[in-house]
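Residue numbers (this note's numbering), protein chains in the order written: chain A, -4 to 491; chain B, 7 to 362.
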């Protein structure tokens, strides 16, 4: 098969960060090519260069034998490159059809689009009710809309950025068979991911990036998952700390959480009940947008709840307490968003340390911040949790996602809390940092702390949790034993 | 077409360069303006911006004019940092003047060192009450605080007029719409004999120091900074966004009310309908020109005070219209916003394409 896209010696730097350093990559017709790498390895920069969003400093690209140097994404699309982004760019309040039409060139007639749509739906099994409002669709369906928009442009190369991060197991299967079909028909697919078993299953070639450089480009069949992981991270990943058995005494006992969302497109919670024991790690799985954020905010006390809710913590009902009253009772919270929620980008690390310690009088004398003590504690977190940064005065926004996450998780764990409530603790975090964070969580649970993890990453939950329940449309399933839960159980609960 | 893109890394030195560039651009603008209307631009700029600094009288007037500007801007800067937009400081200033002035008049002709502190307290309460109205509507019904606070300015002006034409009118004043002149116990002491420079300026200096300390070292300043950067992080830290709305209006209302009573018990010396002269609006420019930093506000307050005094001098000496002060202030704010946009964003030119 011939090369459809050749990338030769692409380099790109942003001020003093070399995002891409002499990257070469060849994409053949009919190939499903994985682009692997930790966060910050340079994957997104490379893709942005291919899609015409970023201009490279050096290097050339050749498309179908002709020099290719797109100025805008529009040029890239006209040349036959389609892109499905990780974050959807859809108009939530419009119908599927309107969204599809809006994505097309002006001169395309509606009948023509409907005709093509019909063909695509039959040929590729991309069925979706085109009259539905996008806000009512599931994440998987929204991705389908994005794919249809992309397919209508008749691309020769399709780029997908972390496409499975929002899908449930059965949707992942469907996506894979769709991509295989494209490849059979001769289309080239560039598949960006850090989920190694998916790459092993789907892709025939892998290019691994680390620190902006290509570390290896190889046949996926000829390499083990462990080797892939090692190439990606650059050093051997620590083995997991062993999980110990929890005690049969409840730390957190949620009798009922119900919540009517004031936002009409938001999710309301219906009669959620579960409990977490001493030394237990309890996972809540589910695709994003099924009530996780709402549940997190009610557990933390950021959102007040109506009467009838009962959150028992050591037999005390804490449902009417504010977030700092809960923190005083040795509960800590790590919400999903690092920048703007659990940390403030424009403030230094030591100022960010204070964010969750404002209730603690040790940090103040008569309301005046004791900056020496704050600095001392910050340095302690940086050292203990291996946060890569200049010093405690570094701005939070200057840290990479993984390092900032280590900081915000470390900031809470260092307090040796009795209960940890975290949401997506390793979201967008590189493999090395993720494994460190998992180990911290397991270690602290072994000392008797109860841990609640809300996450979309099933592999994560299955590897570190004792029990898992699934949230779907604001309803929480019964808990399953993490060792016995099957993908079928999960898919079934997610579909409810 | 043009496209504005936010820069990822912003040079820290822009803290100083942005105000200086804005001042430079505004000077160039008025230079050209004077040229166009046939006045000698160098002479005009000298009279407006340099001459007031060369005499004791000019300097003392600078102190008098900058005092309310600095005090009001200090209060506003808290809300502006936290993302709460109080545009109605003029109204809170007017109510402060009215409440404080009425208190002083109530004790006429009694003497006592306690009269001024008490009237200051009442003025501050008045400013806070007036600020609480937009804060309450914002917190309770999520109304736009910009509109409500701005509209209340006009209500405050009319309320002052109503009182001065009515109950507070000087009984021996031949029916002129003005109050009795304040007696000695209701007048601020002068710091430099023979001028109008009063101890209100010392209060402004103390407040600059206090605000600087609170913002840098105190829990209160920490909340203000977190709120400005991210309201969600503020909630996560344990404070509601409504807390910040109330706090911002309490502080800016209190400061504006204080500035009001200082003005009437200082240079004005009585209540007249023309108490609101726009200090509350000019203070918005002062706050931003000073980069919402107490020390910056101190210097910016002087510059804007200079435009008032210089504008009056230009009116007398060159026959320029009084509007020159407003023109310069407007151009300054405009240049400031533009300079800030150019430092925080890059402009890229894009070819215009057939379809969007």
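For every residue, glycine included, the Cβ atom is placed at its ideal position computed from N, Cα and C.
Cα-Cα separation, residue i to residue j
i             : j             : result
residue 33/A  : residue 82/A  : 18 Å
residue 6/A   : residue 254/A : 50 Å
residue 566/A : residue 226/A : Residue 566/A lies beyond the range of chain A shown here (-4 to 491); nothing can be said about it.
residue 311/A : residue 411/A : 20 Å
residue 251/A : residue 415/A : 19 Å
residue 299/A : residue 115/A : 47 Å
residue 113/A : residue 125/A : 11 Å
residue 53/A  : residue 66/A  : 15 Å
residue 223/B : residue 471/A : 45 Å
residue 291/A : residue 132/A : 22 Å
residue 274/A : residue 357/A : 28 Å
residue 59/A  : residue 74/A  : 10 Å
residue 346/A : residue 157/B : 38 Å
residue 10/B  : residue 346/B : 13 Å
residue 19/A  : residue 42/A  : 13 Å
residue 79/B  : residue 303/B : 7 Å
Buried or exposed by the 16-neighbour rule on C-beta atoms within 10 Å, applied to residue i
i             : result
residue 12/B  : exposed
residue 288/B : buried
residue 304/A : buried
residue 64/A  : exposed
residue 141/A : buried
residue 397/A : buried
residue 425/A : buried
residue 313/B : buried
residue 103/A : exposed
residue 40/B  : buried
residue 276/A : buried
residue 260/A : exposed
residue 179/A : exposed
residue 21/B  : exposed
Cβ of residue i within 8 Å of any chain B Cβ
i             : result
residue 51/A  : no
residue 232/A : Residue confidence for residue 232/A is low, a pLDDT of 49 falling below 50, so the modelled location carries little weight; the figure read from the coordinates is stated next. It does not: the Cβ of residue 232/A has no partner Cβ on chain B nearer than 8 Å.
residue 364/A : yes
residue 335/A : yes
residue 40/A  : no
residue 289/A : no
residue 339/A : yes
residue 354/A : yes
residue 33/A  : no
residue 86/A  : no
residue 342/A : yes
residue 390/A : no
Start-to-end residues for the beta strand (DSSP E) that takes in residue i
i             : result
residue -2/A  : -2 to 9
residue 350/B : That residue, residue 350/B, is in no beta strand (DSSP E); its alpha helix (DSSP H) goes 329 to 350.
residue 302/A : Here residue 302/A belongs to no beta strand (DSSP E), and DSSP marks it neither H nor E.
residue 225/B : Looking at the DSSP string, residue 225/B is not in any beta strand (DSSP E); the run it does join, the alpha helix (DSSP H), is 225 to 235.
residue 245/A : 245 to 254
residue 169/B : First-last for residue 169/B: 151 to 171, but that is the alpha helix (DSSP H), not the beta strand (DSSP E).
residue 97/B  : Element bounds for residue 97/B: not the beta strand (DSSP E) but the alpha helix (DSSP H), 95 to 112.
residue 83/A  : Per DSSP, residue 83/A belongs to no beta strand (DSSP E) and is neither H nor E.
C-beta neighbour in chain A for residue i, strict 8 Å
i             : result
residue 242/B : yes
residue 224/B : yes
residue 239/B : yes
residue 236/B : yes
residue 228/B : yes
residue 161/B : no
residue 297/B : no
residue 231/B : yes
The alpha helix (DSSP H) enclosing residue i, as first and last residue numbers
i             : result
residue 46/A  : Neither: residue 46/A is in no alpha helix (DSSP H) and is coded neither H nor E.
residue 454/A : 453 to 459
residue 106/A : 105 to 119
residue 429/A : 426 to 441
Residue i Cβ short of 7 Å to the ligand SAM heavy atom set
i             : result
residue 197/A : What this structure holds is no ligand at all, so the ligand SAM is not there to describe.
query = Can you find at least 3 beta carbon pairs, one from the stretch 258 to 268 of chain B and one from the stretch 129 to 137 of chain B, that sit closer than 8 Å?
reply = yes
task = Pull out every residue of the stretch 301 to 327 of chain A whose Cβ sits closer than 8 Å to any Cβ of chain E, in chain order.
result = Note that chain E does not occur in the displayed structure, where the protein chains are A and B.
ask   = Should the stretch 113 to 120 of chain B be called in touch with the stretch 83 to 103 of chain B, which here means at least 3 C-beta pairs below 8 Å?
value = no
inquiry  = Using a Cβ distance threshold of 8 Å, determine whether the stretch 181 to 195 of chain B contacts the stretch 271 to 285 of chain B, with at least three qualifying pairs required.
reply    = yes
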